[in-house]
Amino acid sequence: MSNLFTRRLALVASDAHRSLLNQGRRGIERETLRVDMSGKLAIGPHPHALGSALTNAQITTDYSESLLEFITPAEHDVATALEELDRIHRFANTKLDHELLWSQSMPCTLPDEEDIPIAWYGTSHIGRIKYVYRRGLALRYGKAMQCIAGLHYNYSLSEDLWRVLKNDEKSTVDDKTYQSESYIALIRNFQRYSWLLMYLFGASPALSTHFLRGREHELETLSNDTLYLPYATSLRMSDLGYQNNAQAGLMPPYNDLDSYMRSLSRAVRQPYPAYEAIGTQRDGEWIQLNTNLLQIENEYYATIRPKRVINSGERPVEALCARGVQYIEVRCMDIDPFEPLGINLETSRFLDAFLLFCALDDSPLTNAMTDKRNQENFALVVKEGRRPGLMLQGDDSAIDLQTWGLQLLGKIQATAALLDTQRNDQQHTQALATQKEKLLNPALTPSARVLAALQTTNKSFEEFGLQQSLKHAEYFRQRPLSAEENSYFEALAKTSIAEQHEMERTQTGDFHAFVLAYSQRTPRQLCD
2 MSNLFTRRLA LVASDAHRSL LNQGRRGIER ETLRVDMSGK LAIGPHPHAL GSALTNAQIT
62 TDYSESLLEF ITPAEHDVAT ALEELDRIHR FANTKLDHEL LWSQSMPCTL PDEEDIPIAW
122 YGTSHIGRIK YVYRRGLALR YGKAMQCIAG LHYNYSLSED LWRVLKNDEK STVDDKTYQS
182 ESYIALIRNF QRYSWLLMYL FGASPALSTH FLRGREHELE TLSNDTLYLP YATSLRMSDL
242 GYQNNAQAGL MPPYNDLDSY MRSLSRAVRQ PYPAYEAIGT QRDGEWIQLN TNLLQIENEY
302 YATIRPKRVI NSGERPVEAL CARGVQYIEV RCMDIDPFEP LGINLETSRF LDAFLLFCAL
362 DDSPLTNAMT DKRNQENFAL VVKEGRRPGL MLQGDDSAID LQTWGLQLLG KIQATAALLD
422 TQRNDQQHTQ ALATQKEKLL NPALTPSARV LAALQTTNKS FEEFGLQQSL KHAEYFRQRP
482 LSAEENSYFE ALAKTSIAEQ HEMERTQTGD FHAFVLAYSQ RTPRQLCD
């Protein structure tokens, strides 16, 4: 362990500061497709009973009308966030008319591209700009890729804890800068070690043959309608999943928030010939926000992002520039098809220990060589992570995945023990022990369990996905909400619809001018 990690660990573990660990926050965003009872995409509009996708803070849509997104408030204990996620699922399950929540990250059977509905958010300027942005995504990457679902894990440490670390290091920068740069350091460590999360939690080793739609691939055939790779962990995070070749090299190694902003600034201002050929309008209708490499900064696909809660109408980069990094968003987690919520408490406890380790450990600056090595390790694990004897590239030499993984768990044990001491239980340590068993026995990983389920039951990917979706629906049906809980979500939905209607009623100005003004507010201008 590094001297910095040991010193920070001792400081945080002290009686004076350990309670600050309870003041960080955790939030979960779970995406899931709506499907009919036969496992086909449900192409009807977003259910009115779930409220307005524009203004409901807990139930919205992502890319498509068919792609629901459930969002928990940020809580001090992830167990509370999971309880809230469970209630959202139970409420939504009662409002789906002969529909199910798809249990997989990779999509169900999809209709033709033109029949996949883009999410609609009404006629307000903000609602329309969200729709135009998604039209642009469809033109740039195709609609099928946008139907892949994931789980985002939002994580923060308390600002008081960052100040304790800053004072101990006698840093002379202001609190906002120290906290922001510390989160960037966490991100650097995450990028070094996130291959471990793909091995432990990747759950998409197979997909429907229909998904590729004629694209070239190197997958093997498992059945007539199922393709796979025998040692894959997460095809979702591979070049077959949520990836974009146009963005290759977009984000060079960054070691501070300013360089991250500069890279985004270049991308949202840089014309891209293929998108210029499409144009921004067709028959007088906006079809994408601009013809640059990125329409907006959120179009950049990343496994992890620095984040800040935004105000109404504020772009994410505006918030980061004005108020610094508030939390990080982990974006590489697959939906666990064996869990009704897509994630369980044990996985969440491990993520907390892993991310605290990334925050406290020494985080050397990165460069083009180390960044390339990190990307190659990640790419190798998502396609071949369970291959016996798989070698990754460590800091100094090649090292086999199992050895390196066990070494990392040995370091993470310290943060797991610290979190358990504060909670006065063994949940984090037990979660770590479960992950160790996966390293020692790859058959215990979710990706191996998915393949085993497909092979031993002779089910296709789509049949397995439907089977799990039905199981999860029954799980939620057997646990109805209380009258009080149901009333809460009913009121949330009703209020959100009223808020959208009010936004549309009071909308003024020209939409074309609004889009131009929005697109011209570049990160460089915002941060100056």
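According to our numbering, the sequence shown holds residues 2 to 529 in order.
The C-beta atom is built at its ideal place from N, Cα and C for all residues, glycine as well.
I need the DSSP call for GLY545, collapsed to helix, strand or coil.
Past the edges of the chain, shown from 2 to 529, lies residue 545, and the structure says nothing about it.
So if DSSP puts GLU32 in a beta bridge, which residue, or which two residues, is it bridged to?
Partner(s): GLU70.
Which residues in the same chain have their Cβ closer than 7 Å to the Cβ of ILE498, if we skip the five residues on either side of it in sequence?
Within the same chain, ILE498 has close Cβ partners GLY52 and SER53.
Do THR33 and ASP103 count as a contact pair if the criterion is CB distance below 9 Å?
Reading off the sequence shown, one finds Trp at residue 103, where the question assumed Asp. For TRP103 and THR33, yes; Cβs fall inside 9 Å.
Return the chain-ordered ranges of every beta strand (DSSP E) run that is complete within the region 72-150 and spans a minimum of 3 residues.
100-102, all fully within the region 72-150.
ILE60 and PHE490: beta carbons closer than 9 Å?
Against a cut-off of 9 Å, the Cβ pair of PHE490 and ILE60 comes out as a contact.
Looking at GLY151: is its Cβ nearer than 9 Å to the Cβ of SER106?
Going by C-beta atoms, GLY151 is nearer than 9 Å to SER106.
Consult DSSP for HIS153 and reduce its assignment to one of helix, strand or coil.
Three-state DSSP puts HIS153 in a strand.
With 16 as the cutoff for other CB atoms within 10 Å, does PRO46 come out buried or exposed?
Label assigned to PRO46: exposed.
Please classify VAL310: does DSSP put it in a helix, a strand, or coil?
It is coil, neither helix nor strand.
Is MET199 helix, strand or coil when you go by DSSP?
Looking at MET199 - three-state DSSP - the assignment turns out to be helix.
Could you check if LEU42 is buried or exposed, using at least 16 other CB atoms within 10 Å of its CB as the buried criterion?
Result: buried.
Taking only the alpha-carbon atoms, compute the straight-line gap between THR416 and TYR301 and give it to the nearest angstrom.
Going by the C-alpha atoms only, they are around 31 Å apart.
Tell me the residue span of the beta strand (DSSP E) that contains LEU208.
Element bounds for LEU208: 207-209.
Report all residues from its chain with a CB closer than 6 Å to the CB of GLN24; omit the five preceding and five following residues, and keep chain order.
Closer than 6 Å at Cβ, skipping near neighbours: SER159.
Looking at the unbroken beta strand (DSSP E) that takes in VAL331, where does it start and where does it end?
Counting along the chain, the beta strand (DSSP E) containing VAL331 begins and ends at 328-334.
Can you name the start and end residues of the alpha helix (DSSP H) that THR227 belongs to?
Where THR227 is concerned, there is no enclosing alpha helix (DSSP H), although the beta strand (DSSP E) it sits in stretches over 227-229.
Smallest Cα separation from GLY40: which of ALA444, TRP287 and PRO108?
With distances taken between Cα atoms, GLY40 lies closest to PRO108.
With a CB to CB cut of under 6 Å and the five nearest residues on each side skipped, what residues in its chain are close to LYS308?
Excluding positions up to five away in sequence, the list reads TYR328 and GLU330.
Could you name each continuous alpha helix (DSSP H) segment of 4 residues or more that falls completely within the region 361-436, going from the start of the chain to the end?
Correct list: 369-385 and 402-424.
What whole-angstrom Cβ distance do SER448 and PRO206 have, given they're in contact under 8 Å?
About 4 Å separates the two Cβ atoms, so the contact holds.
Can you give the Cα-Cα distance for LYS437 and TYR273, rounded to whole angstroms?
Distance between the alpha carbons of LYS437 and TYR273 is about 45 Å.
Tell me whether GLY215 is buried or exposed, calling it buried when 16 or more other Cβ atoms sit within 10 Å of its Cβ.
Exposed, by the Cβ-count rule.
Can you round the beta-carbon distance between VAL547 and THR234 to whole angstroms, since I take them to be within the 8 Å contact cut?
It is not possible to answer for residue 547, since the shown part of the chain is limited to 2 through 529.
Quick one: complete alpha helix (DSSP H) runs, 4+ long, within the region 243-300?
Those alpha helix (DSSP H) runs which fall completely within the region 243-300 and span 4+ residues are 258-270 and 274-279.
Here's the rule I'm using: 16 or more other beta-carbon atoms within 10 Å means buried, otherwise exposed. How should GLN521 be labelled?
Looking at its Cβ environment, which holds fewer than 16 other Cβ atoms inside 10 Å, GLN521 is exposed.
Straight-line CA distance for TYR519 to TYR194?
Going from the Cα of TYR519 to the Cα of TYR194 covers about 36 Å.
Looking at the structure shown, is GLU221 part of a helix, part of a strand, or coil, going by DSSP?
DSSP places GLU221 in strand when its eight states are reduced to three.
Counting along the chain, where does the alpha helix (DSSP H) carrying ILE498 start and finish?
ILE498 -> alpha helix (DSSP H) spans 484-506.
Let me make sure I understand the geometry here. Which of GLY143, LYS131 and GLU170 has the alpha-carbon closest to that of LEU213?
Nearest of GLY143, LYS131 and GLU170 to LEU213, Cα basis: GLY143.
Label ASP98 either buried or exposed according to how many other C-beta atoms from any shown protein chain fall within 10 Å of its C-beta, with 16 as the threshold for buried.
By the 10 Å Cβ count, ASP98 comes out exposed.
Kindly indicate which three-state DSSP category LEU527 falls into: helix, strand or coil?
The pLDDT assigned to LEU527 is 48, lower than 50, so where the model puts this residue is not dependable, and the model offers no usable value.
According to DSSP, LYS41 sits in a beta bridge with which residue or residues?
Answer is THR110.
Given this structure, state the Cα-to-Cα distance separating ASP169 from GLU340, to the nearest angstrom.
Their Cα atoms are separated by approximately 42 Å.
Kindly indicate which three-state DSSP category ILE344 falls into: helix, strand or coil?
It is coil, neither helix nor strand.
In three-state DSSP terms, what is LEU27?
Before going further, note that residue 27 is Arg rather than Leu in the sequence given. The answer is strand: DSSP assigns ARG27 an E or B state.
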